[in-house]
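Here you go:
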(Lines of atoms letter the chains of each structure in order from A and count residues from 1; the text may use other names and numbers.)
(Lines give C-alpha, C1' and ligand atoms only; values in the text may rest on other atoms or scores of the structure.)
Protein backbone atom coordinates (compact mmCIF):
# COMPACT_ATOMS: atom_id res chain seq x y z
CA UNK A 1 0.00 0.00 0.00
CA UNK A 2 1.16 3.58 -0.63
CA UNK A 3 2.51 5.49 2.34
CA UNK A 4 1.00 8.89 3.17
CA UNK A 5 3.02 11.83 1.87
CA UNK A 6 5.26 13.61 4.36
CA UNK A 7 3.38 16.86 3.64
CA UNK A 8 0.22 15.53 5.31
CA UNK A 9 -0.05 17.12 8.77
CA UNK A 10 -2.73 17.66 11.38
CA UNK A 11 -3.88 21.06 12.64
CA UNK A 12 -1.77 21.48 15.77
CA UNK A 13 -3.45 24.62 17.05
CA UNK A 14 -6.92 23.05 16.77
CA UNK A 15 -5.68 19.99 18.65
CA UNK A 16 -4.28 22.16 21.45
CA UNK A 17 -7.48 24.22 21.66
CA UNK A 18 -9.48 21.00 22.03
CA UNK A 19 -7.20 19.77 24.83
CA UNK A 20 -7.63 23.06 26.69
CA UNK A 21 -11.40 23.06 26.18
CA UNK A 22 -11.76 19.50 27.54
CA UNK A 23 -9.59 20.46 30.53
CA UNK A 24 -12.27 22.96 31.61
CA UNK A 25 -14.49 20.01 32.53
CA UNK A 26 -13.64 18.57 35.93
CA UNK A 27 -10.89 21.05 36.83
CA UNK A 28 -8.50 20.06 39.58
CA UNK A 29 -7.41 22.29 42.45
CA UNK A 30 -3.90 22.87 41.09
CA UNK A 31 -4.23 23.30 37.34
CA UNK A 32 -4.96 19.71 36.32
CA UNK A 33 -8.14 17.65 36.24
CA UNK A 34 -10.35 15.59 38.50
CA UNK A 35 -12.68 13.92 36.01
CA UNK A 36 -12.96 10.49 37.54
CA UNK A 37 -14.84 7.76 35.74
CA UNK A 38 -18.65 7.68 35.86
CA UNK A 39 -18.92 11.01 37.67
CA UNK A 40 -21.06 13.89 36.47
CA UNK A 41 -17.95 15.53 35.03
CA UNK A 42 -17.10 12.34 33.13
CA UNK A 43 -20.58 12.54 31.62
CA UNK A 44 -19.99 16.15 30.59
CA UNK A 45 -16.63 15.30 29.01
CA UNK A 46 -18.26 12.45 27.08
CA UNK A 47 -21.00 14.75 25.81
CA UNK A 48 -18.47 17.30 24.57
CA UNK A 49 -16.46 14.58 22.83
CA UNK A 50 -19.61 13.22 21.17
CA UNK A 51 -20.61 16.66 19.92
CA UNK A 52 -17.16 17.16 18.39
CA UNK A 53 -17.30 13.76 16.71
CA UNK A 54 -20.73 14.44 15.25
CA UNK A 55 -19.53 17.83 14.02
CA UNK A 56 -16.77 15.92 12.20
CA UNK A 57 -19.37 13.76 10.46
CA UNK A 58 -18.96 10.67 12.59
CA UNK A 59 -21.68 8.53 14.16
CA UNK A 60 -21.39 7.42 17.77
CA UNK A 61 -21.70 3.86 19.00
CA UNK A 62 -21.96 3.00 22.71
CA UNK A 63 -21.59 -0.42 24.30
CA UNK A 64 -22.84 -1.81 27.58
CA UNK A 65 -19.60 -0.87 29.37
CA UNK A 66 -19.91 2.74 28.24
CA UNK A 67 -17.12 2.51 25.67
CA UNK A 68 -17.62 5.18 23.00
CA UNK A 69 -16.93 4.46 19.30
CA UNK A 70 -17.07 7.34 16.79
CA UNK A 71 -17.30 5.92 13.26
CA UNK A 72 -16.00 7.43 10.00
CA UNK A 73 -17.04 5.41 6.97
CA UNK A 74 -14.54 3.90 4.55
CA UNK A 75 -15.04 3.14 0.87
CA UNK A 76 -15.09 -0.64 1.38
CA UNK A 77 -18.13 -1.71 3.42
CA UNK A 78 -16.52 -5.10 4.11
CA UNK A 79 -13.20 -3.75 5.42
CA UNK A 80 -12.60 -3.92 9.17
CA UNK A 81 -12.16 -0.53 10.85
CA UNK A 82 -8.89 0.95 12.06
CA UNK A 83 -9.33 2.12 15.65
CA UNK A 84 -7.50 4.94 17.43
CA UNK A 85 -8.04 6.42 20.87
CA UNK A 86 -7.47 6.15 24.60
CA UNK A 87 -9.48 7.42 27.60
CA UNK A 88 -11.02 10.62 28.95
CA UNK A 89 -11.22 9.72 32.65
CA UNK A 90 -8.54 11.05 35.02
CA UNK A 91 -6.97 10.46 38.38
CA UNK A 92 -8.34 12.51 41.35
CA UNK A 93 -5.31 14.77 40.92
CA UNK A 94 -4.71 14.08 37.25
CA UNK A 95 -3.18 16.03 34.41
CA UNK A 96 -4.77 17.44 31.26
CA UNK A 97 -3.09 15.03 28.83
CA UNK A 98 -2.98 11.50 30.28
CA UNK A 99 -5.36 9.57 28.02
CA UNK A 100 -7.05 12.70 26.71
CA UNK A 101 -4.29 13.35 24.15
CA UNK A 102 -4.90 9.91 22.65
CA UNK A 103 -8.64 10.49 22.26
CA UNK A 104 -8.49 14.05 20.98
CA UNK A 105 -5.43 13.29 18.86
CA UNK A 106 -7.43 10.58 17.09
CA UNK A 107 -10.32 13.01 16.67
CA UNK A 108 -7.93 15.58 15.22
CA UNK A 109 -6.64 12.98 12.76
CA UNK A 110 -10.19 12.52 11.46
CA UNK A 111 -10.79 16.27 11.35
CA UNK A 112 -7.61 16.65 9.30
CA UNK A 113 -8.69 13.88 6.94
CA UNK A 114 -11.90 15.83 6.40
CA UNK A 115 -10.00 19.07 5.80
CA UNK A 116 -7.72 17.39 3.26
CA UNK A 117 -10.49 15.44 1.53
CA UNK A 118 -8.85 12.11 2.34
CA UNK A 119 -10.85 8.93 1.89
CA UNK A 120 -9.75 5.56 3.24
CA UNK A 121 -10.67 2.02 2.26
CA UNK A 122 -11.06 0.95 5.88
CA UNK A 123 -13.45 2.79 8.17
CA UNK A 124 -11.85 4.67 11.07
CA UNK A 125 -13.17 4.59 14.64
CA UNK A 126 -12.15 6.97 17.42
CA UNK A 127 -12.58 5.27 20.79
CA UNK A 128 -12.92 6.43 24.39
CA UNK A 129 -12.49 3.48 26.77
CA UNK A 130 -14.31 3.58 30.12
CA UNK A 131 -12.40 3.55 33.42
CA UNK A 132 -8.84 3.18 32.20
CA UNK A 133 -7.47 4.75 35.38
CA UNK A 134 -9.04 2.34 37.86
CA UNK A 135 -8.78 4.92 40.60
CA UNK A 136 -12.48 4.94 41.48
CA UNK A 137 -13.30 1.38 40.44
CA UNK A 138 -10.40 -1.10 40.51
CA UNK A 139 -8.85 -2.53 38.45
CA UNK A 140 -7.46 -0.22 35.81
CA UNK A 141 -8.38 -0.69 32.13
CA UNK A 142 -11.66 -2.21 33.28
CA UNK A 143 -13.85 -1.74 30.21
CA UNK A 144 -11.17 -2.61 27.67
CA UNK A 145 -10.53 -5.69 29.82
CA UNK A 146 -14.16 -6.73 29.47
CA UNK A 147 -13.98 -5.99 25.73
CA UNK A 148 -10.95 -8.29 25.42
CA UNK A 149 -12.56 -11.04 27.50
CA UNK A 150 -10.30 -10.62 30.53
CA UNK A 151 -13.19 -9.87 32.88
CA UNK A 152 -16.88 -10.68 32.76
CA UNK A 153 -19.28 -7.80 32.49
CA UNK A 154 -21.18 -8.88 35.61
CA UNK A 155 -17.95 -8.84 37.60
CA UNK A 156 -17.14 -5.37 36.26
CA UNK A 157 -20.62 -4.07 37.10
CA UNK A 158 -20.16 -5.25 40.70
CA UNK A 159 -16.95 -3.24 41.27
CA UNK A 160 -17.52 -0.75 44.10
CA UNK A 161 -15.94 2.60 44.84
CA UNK A 162 -14.90 3.82 48.30
CA UNK A 163 -18.51 4.82 49.03
CA UNK A 164 -19.89 1.41 48.06
CA UNK A 165 -21.38 2.61 44.77
CA UNK A 166 -21.45 -0.04 42.03
CA UNK A 167 -19.88 0.53 38.63
CA UNK A 168 -22.99 -0.75 36.85
CA UNK A 169 -25.31 1.54 38.80
CA UNK A 170 -23.14 4.60 38.22
CA UNK A 171 -22.88 3.87 34.50
CA UNK A 172 -26.67 3.94 34.29
CA UNK A 173 -26.94 6.99 36.56
CA UNK A 174 -24.78 9.21 34.35
CA UNK A 175 -26.65 8.03 31.23
CA UNK A 176 -23.79 6.39 29.35
CA UNK A 177 -24.75 2.71 29.29
CA UNK A 178 -25.26 1.68 25.68
CA UNK A 179 -27.07 -1.24 24.07
CA UNK A 180 -24.23 -2.67 21.99
CA UNK A 181 -22.79 -5.94 23.31
CA UNK A 182 -19.29 -5.32 24.60
CA UNK A 183 -16.53 -7.06 22.64
CA UNK A 184 -18.57 -7.74 19.50
CA UNK A 185 -16.52 -5.31 17.39
CA UNK A 186 -13.71 -6.61 15.18
CA UNK A 187 -10.68 -4.45 14.41
CA UNK A 188 -8.22 -4.27 11.55
CA UNK A 189 -5.78 -2.51 13.91
CA UNK A 190 -5.70 -0.20 16.91
CA UNK A 191 -3.28 2.66 17.62
CA UNK A 192 -3.07 4.47 20.95
CA UNK A 193 -1.22 7.77 21.35
CA UNK A 194 -0.19 8.60 24.92
CA UNK A 195 2.19 10.78 26.85
CA UNK A 196 5.11 8.72 28.10
CA UNK A 197 4.39 9.24 31.83
CA UNK A 198 8.12 8.76 32.34
CA UNK A 199 11.35 10.73 31.79
CA UNK A 200 13.11 8.68 29.10
CA UNK A 201 12.07 10.48 25.89
CA UNK A 202 12.72 13.94 27.30
CA UNK A 203 16.08 12.87 28.74
CA UNK A 204 17.12 11.31 25.42
CA UNK A 205 15.90 14.31 23.41
CA UNK A 206 13.53 12.19 21.30
CA UNK A 207 10.27 13.40 19.79
CA UNK A 208 8.58 10.02 19.54
CA UNK A 209 8.58 6.76 21.46
CA UNK A 210 7.85 3.70 19.30
CA UNK A 211 6.31 1.35 21.86
CA UNK A 212 7.34 -2.25 21.28
CA UNK A 213 6.17 -3.80 24.56
CA UNK A 214 4.10 -3.00 27.60
CA UNK A 215 4.92 -3.91 31.16
CA UNK A 216 3.08 -6.67 32.89
CA UNK A 217 1.42 -5.63 36.12
CA UNK A 218 0.41 -7.21 39.40
CA UNK A 219 -1.63 -5.30 41.99
CA UNK A 220 -1.59 -7.14 45.30
CA UNK A 221 -3.95 -5.80 47.97
CA UNK A 222 -2.42 -6.62 51.34
CA UNK A 223 -3.81 -6.50 54.86
CA UNK A 224 -1.62 -6.41 57.95
CA UNK A 225 -3.58 -7.03 61.14
CA UNK A 226 -2.30 -6.24 64.60
CA UNK A 227 -3.99 -4.87 67.70
CA UNK A 228 -5.16 -1.34 68.36
CA UNK A 229 -3.82 0.04 71.64
CA UNK A 230 -2.78 3.31 73.27
CA UNK A 231 0.45 4.74 71.89
CA UNK A 232 1.46 6.16 75.24
CA UNK A 233 0.66 3.37 77.66
CA UNK A 234 1.42 0.19 75.70
CA UNK A 235 4.98 -1.08 76.38
CA UNK A 236 7.08 -1.45 73.24
CA UNK A 237 7.60 -5.19 73.63
CA UNK A 238 3.86 -5.80 73.99
CA UNK A 239 2.75 -3.99 70.85
CA UNK A 240 1.22 -5.57 67.77
CA UNK A 241 1.81 -2.65 65.45
CA UNK A 242 0.29 -3.10 61.99
CA UNK A 243 2.04 0.10 60.89
CA UNK A 244 5.41 -1.49 61.56
CA UNK A 245 4.39 -4.42 59.37
CA UNK A 246 3.62 -1.93 56.59
CA UNK A 247 7.08 -0.42 57.00
CA UNK A 248 8.81 -3.78 56.73
CA UNK A 249 6.77 -4.80 53.70
CA UNK A 250 7.47 -1.46 52.01
CA UNK A 251 11.20 -2.11 52.26
CA UNK A 252 10.70 -5.66 51.01
CA UNK A 253 8.94 -4.42 47.86
CA UNK A 254 11.79 -1.99 47.19
CA UNK A 255 14.42 -4.68 47.75
CA UNK A 256 12.76 -7.13 45.36
CA UNK A 257 12.40 -4.50 42.61
CA UNK A 258 16.00 -3.33 42.97
CA UNK A 259 17.50 -6.79 42.66
CA UNK A 260 15.49 -7.41 39.48
CA UNK A 261 16.90 -4.47 37.57
CA UNK A 262 16.75 -3.34 34.84
CA UNK A 263 13.16 -2.67 33.79
CA UNK A 264 11.47 -3.83 36.97
CA UNK A 265 9.62 -1.59 39.42
CA UNK A 266 7.70 -1.96 42.64
CA UNK A 267 6.06 0.34 45.14
CA UNK A 268 3.17 0.74 47.55
CA UNK A 269 0.78 3.52 46.60
CA UNK A 270 -2.69 3.28 48.15
CA UNK A 271 -2.65 2.91 51.95
CA UNK A 272 -5.51 2.87 54.49
CA UNK A 273 -4.57 2.89 58.17
CA UNK A 274 -7.08 1.94 60.87
CA UNK A 275 -8.19 3.61 63.04
CA UNK A 276 -5.87 6.39 61.80
CA UNK A 277 -5.72 8.24 65.08
CA UNK A 278 -2.70 10.08 66.47
CA UNK A 279 -2.62 8.23 69.75
CA UNK A 280 -3.67 4.74 68.71
CA UNK A 281 -1.23 2.11 67.46
CA UNK A 282 -2.63 0.92 64.09
CA UNK A 283 -4.60 -2.29 64.39
CA UNK A 284 -4.96 -2.79 60.66
CA UNK A 285 -3.32 -1.46 57.52
CA UNK A 286 -4.65 -2.17 54.02
CA UNK A 287 -2.40 -1.26 51.10
CA UNK A 288 -1.72 -2.17 47.47
CA UNK A 289 1.62 -3.37 46.12
CA UNK A 290 2.24 -2.51 42.46
CA UNK A 291 4.89 -4.63 40.69
CA UNK A 292 5.72 -4.33 36.98
CA UNK A 293 8.16 -5.54 34.33
CA UNK A 294 7.91 -6.45 30.64
CA UNK A 295 9.34 -9.95 31.29
CA UNK A 296 6.69 -12.43 32.43
CA UNK A 297 9.04 -14.88 34.16
CA UNK A 298 10.67 -12.06 36.10
CA UNK A 299 7.28 -10.62 37.10
CA UNK A 300 6.01 -13.96 38.37
CA UNK A 301 9.23 -14.54 40.30
CA UNK A 302 8.98 -11.12 41.96
CA UNK A 303 5.42 -11.82 43.09
CA UNK A 304 6.32 -15.30 44.28
CA UNK A 305 9.19 -13.99 46.39
CA UNK A 306 7.02 -11.24 47.83
CA UNK A 307 4.21 -13.59 48.84
CA UNK A 308 6.71 -15.98 50.43
CA UNK A 309 8.61 -13.40 52.47
CA UNK A 310 5.99 -10.84 53.52
CA UNK A 311 4.00 -13.17 55.85
CA UNK A 312 7.22 -14.20 57.62
CA UNK A 313 8.30 -10.61 58.19
CA UNK A 314 4.94 -9.82 59.76
CA UNK A 315 4.86 -13.00 61.82
CA UNK A 316 8.21 -12.10 63.36
CA UNK A 317 6.75 -8.90 64.86
CA UNK A 318 3.47 -10.47 66.00
CA UNK A 319 1.13 -9.29 63.28
CA UNK A 320 -0.73 -11.18 60.55
CA UNK A 321 -0.44 -10.76 56.79
CA UNK A 322 -2.93 -11.64 54.05
CA UNK A 323 -3.00 -10.76 50.34
CA UNK A 324 -5.33 -10.81 47.35
CA UNK A 325 -4.54 -10.18 43.69
CA UNK A 326 -6.81 -7.31 42.62
CA UNK A 327 -5.32 -6.42 39.24
CA UNK A 328 -3.08 -8.18 36.76
CA UNK A 329 -2.11 -8.43 33.14
CA UNK A 330 0.77 -10.15 31.43
CA UNK A 331 3.36 -8.16 29.46
CA UNK A 332 2.15 -7.52 25.90
CA UNK A 333 4.41 -7.51 22.83
CA UNK A 334 2.75 -5.21 20.33
CA UNK A 335 2.05 -6.23 16.73
CA UNK A 336 5.18 -5.93 14.61
CA UNK A 337 3.27 -4.60 11.62
CA UNK A 338 1.64 -1.83 13.64
CA UNK A 339 4.92 -1.02 15.38
CA UNK A 340 6.60 -0.75 11.96
CA UNK A 341 3.84 1.60 10.77
CA UNK A 342 4.54 3.88 13.74
CA UNK A 343 8.30 3.78 13.18
CA UNK A 344 7.87 4.45 9.46
CA UNK A 345 5.60 7.42 10.21
CA UNK A 346 8.15 8.98 12.56
CA UNK A 347 10.91 8.56 10.00
CA UNK A 348 8.79 9.84 7.12
CA UNK A 349 7.92 12.97 9.10
CA UNK A 350 11.52 13.56 10.19
CA UNK A 351 10.95 13.13 13.93
CA UNK A 352 13.67 11.74 16.17
CA UNK A 353 12.48 8.50 17.74
CA UNK A 354 13.46 5.48 19.78
CA UNK A 355 11.98 2.14 20.72
CA UNK A 356 10.52 2.20 24.22
CA UNK A 357 8.70 -0.05 26.70
CA UNK A 358 5.53 1.35 28.24
CA UNK A 359 6.02 1.59 31.98
CA UNK A 360 2.31 2.14 32.57
CA UNK A 361 -0.66 -0.02 31.72
CA UNK A 362 -2.90 1.15 28.88
CA UNK A 363 -6.06 -0.03 27.16
CA UNK A 364 -3.92 -1.05 24.17
CA UNK A 365 -2.32 -3.69 26.39
CA UNK A 366 -5.65 -5.56 26.64
CA UNK A 367 -6.76 -4.93 23.05
CA UNK A 368 -3.43 -6.34 21.86
CA UNK A 369 -4.83 -9.78 22.70
CA UNK A 370 -7.74 -9.47 20.26
CA UNK A 371 -6.42 -7.20 17.48
CA UNK A 372 -3.13 -5.96 15.98
CA UNK A 373 -2.14 -3.07 18.21
CA UNK A 374 0.62 -0.60 18.90
CA UNK A 375 1.27 2.62 20.80
CA UNK A 376 2.90 5.98 20.14
CA UNK A 377 4.40 8.06 22.92
CA UNK A 378 5.42 11.69 23.17
CA UNK A 379 7.54 13.17 25.98
CA UNK A 380 6.15 14.82 29.09
CA UNK A 381 8.01 17.35 31.23
CA UNK A 382 10.22 15.67 33.86
CA UNK A 383 8.32 12.43 33.22
CA UNK A 384 5.63 13.64 35.62
CA UNK A 385 2.14 12.17 35.33
CA UNK A 386 -0.77 11.27 37.61
CA UNK A 387 -0.14 14.75 38.98
CA UNK A 388 -1.87 18.05 38.27
CA UNK A 389 1.49 19.52 37.25
CA UNK A 390 1.70 17.07 34.32
CA UNK A 391 2.81 19.05 31.27
CA UNK A 392 3.63 18.65 27.59
CA UNK A 393 4.39 21.16 24.86
CA UNK A 394 2.08 21.90 21.92
CA UNK A 395 4.93 20.76 19.67
CA UNK A 396 5.15 17.37 21.38
CA UNK A 397 1.37 16.92 21.12
CA UNK A 398 1.45 17.84 17.43
CA UNK A 399 4.35 15.51 16.63
CA UNK A 400 2.72 12.55 18.36
CA UNK A 401 -0.58 13.20 16.64
CA UNK A 402 1.10 13.55 13.24
CA UNK A 403 2.66 10.12 13.74
CA UNK A 404 -0.74 8.73 14.79
CA UNK A 405 -2.30 10.37 11.70
CA UNK A 406 0.19 8.73 9.36
CA UNK A 407 0.09 5.31 11.04
CA UNK A 408 -3.71 5.25 10.89
CA UNK A 409 -3.71 6.34 7.24
CA UNK A 410 -1.18 3.66 6.33
CA UNK A 411 -3.30 1.00 8.02
CA UNK A 412 -6.59 2.34 6.67
CA UNK A 413 -5.26 2.67 3.08
CA UNK A 414 -5.79 6.02 1.38
CA UNK A 415 -8.06 5.85 -1.65
CA UNK A 416 -6.72 8.00 -4.50
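In my numbering, the protein residues as written are 374 to 789.
Note that beta-carbon positions come from the ideal geometry of N, C-alpha and C, so glycine has one too.
Residue burial classification, residue i (beta-carbon count within 10 angstroms, cutoff 16)
i: residue 788; result: exposed
i: residue 522; result: exposed
i: residue 741; result: buried
i: residue 611; result: exposed
i: residue 604; result: exposed
i: residue 403; result: exposed
i: residue 634; result: exposed
i: residue 528; result: exposed
i: residue 563; result: buried
i: residue 395; result: buried
i: residue 706; result: exposed
i: residue 415; result: buried
i: residue 608; result: exposed
Contacts around residue i, its chain only, beta-carbon distance under 8 Å, and the 5 residues preceding and following it disregarded
i: residue 618; result: 597, 599, 658, 686, 687, 690, 692, 694
i: residue 630; result: 637, 638, 639, 640, 664, 675
Candidates the options, of which the one nearest residue i by Cα
i: residue 584; options: 766, 714, 646; result: 714
i: residue 718; options: 582, 632, 739; result: 582
i: residue 472; options: 770, 776, 487, 483; result: 770
i: residue 756; options: 774, 779, 731; result: 731
i: residue 736; options: 572, 537, 540, 589; result: 589
i: residue 477; options: 452, 392, 556; result: 392
i: residue 696; options: 518, 676, 709; result: 676
i: residue 506; options: 411, 456, 554, 580; result: 411
i: residue 549; options: 490, 627, 419; result: 419
i: residue 437; options: 653, 421, 554, 429; result: 554
i: residue 751; options: 397, 569, 526, 430; result: 569
i: residue 513; options: 565, 409, 563; result: 409
i: residue 654; options: 646, 660, 753; result: 646
i: residue 648; options: 616, 490, 623; result: 616
i: residue 349; options: 572, 625, 628; result: Outside the shown range of the chain, which is 374 to 789, sits residue 349, and nothing can be said about it.
i: residue 452; options: 561, 510, 382; result: 561
i: residue 785; options: 398, 449, 429; result: 449
Per-residue DSSP class, three states only, for residue i
i: residue 740; result: helix
i: residue 562; result: strand
i: residue 451; result: coil
i: residue 398; result: coil
i: residue 583; result: strand
i: residue 639; result: strand
i: residue 592; result: strand
i: residue 673; result: helix
i: residue 533; result: strand
Rounded separation between residue i and residue j - CA only
i: residue 508; j: residue 764; result: 21 Å
i: residue 377; j: residue 680; result: 51 Å
i: residue 462; j: residue 389; result: 18 Å
i: residue 792; j: residue 535; result: Because the chain spans 374 through 789 in this model, residue 792 falls outside it and cannot be assessed.
i: residue 539; j: residue 516; result: 14 Å
i: residue 559; j: residue 746; result: 12 Å
i: residue 567; j: residue 774; result: 9 Å
i: residue 641; j: residue 466; result: 18 Å
i: residue 779; j: residue 495; result: 14 Å
i: residue 464; j: residue 458; result: 18 Å
i: residue 576; j: residue 739; result: 29 Å
i: residue 447; j: residue 711; result: 19 Å
i: residue 470; j: residue 413; result: 20 Å
i: residue 682; j: residue 671; result: 17 Å
i: residue 656; j: residue 624; result: 20 Å
i: residue 586; j: residue 727; result: 13 Å
i: residue 661; j: residue 594; result: 4 Å
i: residue 440; j: residue 626; result: 35 Å
i: residue 601; j: residue 652; result: 10 Å
i: residue 490; j: residue 484; result: 10 Å
i: residue 698; j: residue 753; result: 31 Å
i: residue 762; j: residue 417; result: 23 Å
Contacts around residue i, its chain only, beta-carbon distance under 6 Å, and the 5 residues preceding and following it disregarded
i: residue 650; result: none
i: residue 423; result: 433
Own chain partners of residue i with C-beta closer than 7 Å, once the 5 adjacent residues on each side are dropped
i: residue 776; result: 581, 715, 718, 719, 722, 724, 749
i: residue 426; result: 433, 443, 480, 499
Min CB distance residue i to chain B below 7 Å
i: residue 655; result: Chain labels in this structure do not include chain B; a single protein chain is all it has.
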